[in-house]
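Numbering (UniProt numbering), first residue to last: 1 to 245.
The block underneath contains the structure these notes are about, expressed in structure tokens.
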């Protein structure tokens, strides 16, 4: 049973289900989650455009395709109290969607615009959201002296604060990992602090807690997620800072 749980979580985290999106012009379906500052919020997605192209009968989704927008509010607040979180873009894998915010300027990054991604190369702090596949994750990358991307390729340590929500039932049933880590270029990562938060009914809490905090979950899911955070810098956020060969 334990192996089945871990396999299911790994499948959700790294493949699996459809991305979290709302109906075109429809009412938002709010999902409870833990933000990067550990506060409990609700998020809703509004699809504003069709992002698919038909080619030879095959549906194709490209990285940077505009999907719509995400809004957030506190639990119990009315829809009218919601605030815009950011513009949502396709990851290109057909499963996940993304939001990137330059925290130096407070602006959303248009992932369909190469020039905007290039501007991000000068930022010392930015935030990355990933939705879909059974998870909702936010990562804040920051560097002390140099811009994050310059530090990444220069072998300087980068701080990565991540909160990953893993959904195990209804839209408000999840547990979250809260991780403070250091990423040093291609040398890997070091976890400075790891905490777990559970937003589950008492009937599920003990079983999920035991398995989520196991050594196997850390190896199969948490460590793999941290490696992915390095790949996000390498392949997306810092791509245009990559040194020429």
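Beta carbons are placed, not taken as given, at the ideal position from N, Cα and C, and that holds for glycine.
This structure is a prediction, so every number in the text was calculated from the model and none was measured.
If residue i sits next to residue j, beta carbons under 8 Å apart, how far is it from one beta carbon to the other, in whole angstroms?
i: residue 63; j: residue 38; result: No, residue 63 and residue 38 are not in contact; Cβ-Cβ is about 30 Å, not under 8 Å.
i: residue 97; j: residue 132; result: 6 Å
i: residue 80; j: residue 71; result: Rounded, the Cβ-Cβ distance is 11 Å, inconsistent with contact.
i: residue 34; j: residue 176; result: 4 Å
i: residue 195; j: residue 178; result: 4 Å
i: residue 43; j: residue 31; result: 6 Å
i: residue 128; j: residue 237; result: 7 Å
i: residue 158; j: residue 191; result: 14 Å between Cβ atoms; not a contact.
i: residue 148; j: residue 124; result: 6 Å
i: residue 101; j: residue 88; result: Not confirmed; about 12 Å, so no contact.
i: residue 226; j: residue 189; result: 5 Å
i: residue 229; j: residue 162; result: 6 Å
Taking residue i as part of the beta strand (DSSP E), name the residues at either end of that continuous run.
i: residue 136; result: 135 to 142
i: residue 71; result: 66 to 73
i: residue 236; result: It is not in any beta strand (DSSP E) - residue 236 carries neither H nor E in the DSSP assignment.
i: residue 28; result: Counting along the chain, residue 28 falls outside any beta strand (DSSP E), and DSSP gives it neither H nor E.
When DSSP builds the beta bridges, which residues end up paired with residue i?
i: residue 194; result: 179
i: residue 102; result: 107, 126
i: residue 199; result: 174
i: residue 224; result: Looking at the DSSP assignment, residue 224 forms no beta bridge with any residue, so it has no partner.
i: residue 33; result: 41
i: residue 83; result: 72
i: residue 131; result: 97, 136
Residue i lies in the alpha helix (DSSP H); which residues open and close that run?
i: residue 120; result: 114 to 120
i: residue 160; result: Note, residue 160: premise wrong, no alpha helix (DSSP H); beta strand (DSSP E) at 158 to 167.
i: residue 150; result: 148 to 154
Reducing DSSP to helix, strand and coil, say where residue i ends up.
i: residue 90; result: strand
i: residue 44; result: strand
i: residue 230; result: helix
i: residue 189; result: strand
i: residue 7; result: Only weak support exists for where residue 7 lies, its pLDDT of 44 falling under 50; the value from the coordinates is given anyway. Helix at residue 7.
i: residue 63; result: coil
i: residue 240; result: helix
i: residue 77; result: coil
i: residue 145; result: coil
i: residue 184; result: coil
i: residue 209; result: helix
i: residue 56; result: Legend: pLDDT at residue 56 = 49, less than 50; position of this residue unreliable, no value from coordinates given.
For the ligand HEM, any of its heavy atoms closer than 7 Å to the Cβ of residue i?
i: residue 64; result: Within the structure as shown, the ligand HEM is missing, as the structure has no ligands at all.
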